[in-house]
Amino acid sequence: MIITANDDGFTLDEPNDFSRLHVDAQGRTATQLSDLATDHISIVPITDADHLWISIDFLRNGDTSEERNEHIERLVGFGAERGWYDAEADAIRAHVENLAD
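Position one of the sequence shown corresponds to residue 283 (the numbering used here), numbered consecutively onward.
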């Protein structure tokens with residue numbers, strides 16, 4: 283799954299590709315991306331220059347099927363094992379790519 287930053291917020295691209303997860307900043311600076319995230323309820327602002335916290339509900343993409351839930355639960359489990367899942371916020375940390383200097 284790729285979360286793409288755009289002028290209106292964020293979109294979930296390739297929602298059925300569970301083999302990768304990252305945010306495409308689309309050439310925005312860390313400050314621009316943080317401002318965009320602050321205005322978007324499903325994305326938590328940058329904790330450092332390289333990551334955002336992504337709401338699990340955002341990743342569900344409105345799909346509550348058993349198959350999607352299984353994929354999401356595996357993703358959460360994988361993230362939890364590595365310290366990339368925040369249970370209180372129900373969010374997973376995602377790496378940011380294409381960030382401007």
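Beta carbons: idealized from backbone N, C-alpha and C, even for Gly.
Residue of the options minimising C-alpha distance to residue i
i      : options                           : result
Asp299 : Asp306, Ala312 and Ile284         : Ile284
Asn380 : Asp290, Ala307 and Phe360         : Ala307
Pro297 : Arg364, Ile325, Ala287 and Phe340 : Phe340
Val378 : Asp289, Arg310 and Ser301         : Arg310
Phe360 : His333, Asp383, Arg302 and Asp289 : Arg302
Alpha-carbon spacing of residue i relative to residue j, whole angstroms
i      : j      : result
Gly344 : Thr293 : 13 angstroms
Ala312 : His304 : 15 angstroms
Ala331 : Ile374 : 16 angstroms
Arg342 : Ala376 : 15 angstroms
Gly291 : Ile325 : 9 angstroms
Glu363 : Ile336 : 17 angstroms
Ile354 : Ile338 : 8 angstroms
Val358 : His333 : 16 angstroms
Arg356 : Thr286 : 22 angstroms
Pro327 : Ala382 : 16 angstroms
Which of helix, strand or coil DSSP assigns to residue i
i      : result
Leu381 : coil
Phe292 : strand
Next item on the list: Determine contact between the region 364-374 and the region 315-322, defined as no fewer than three beta-carbon pairs at a distance below 8 angstroms.
Entry: Contact fails: fewer than three Cβ-Cβ distances are below 8 angstroms.
*4-residue-minimum alpha helix (DSSP H) runs that sit fully inside the region 307-378, ordered along the chain*: 312-320, 338-342 and 348-363
Report yes or no: do three or more beta-carbon pairs, one from the region 343-352 and one from the region 304-317, lie closer than 8 angstroms? no
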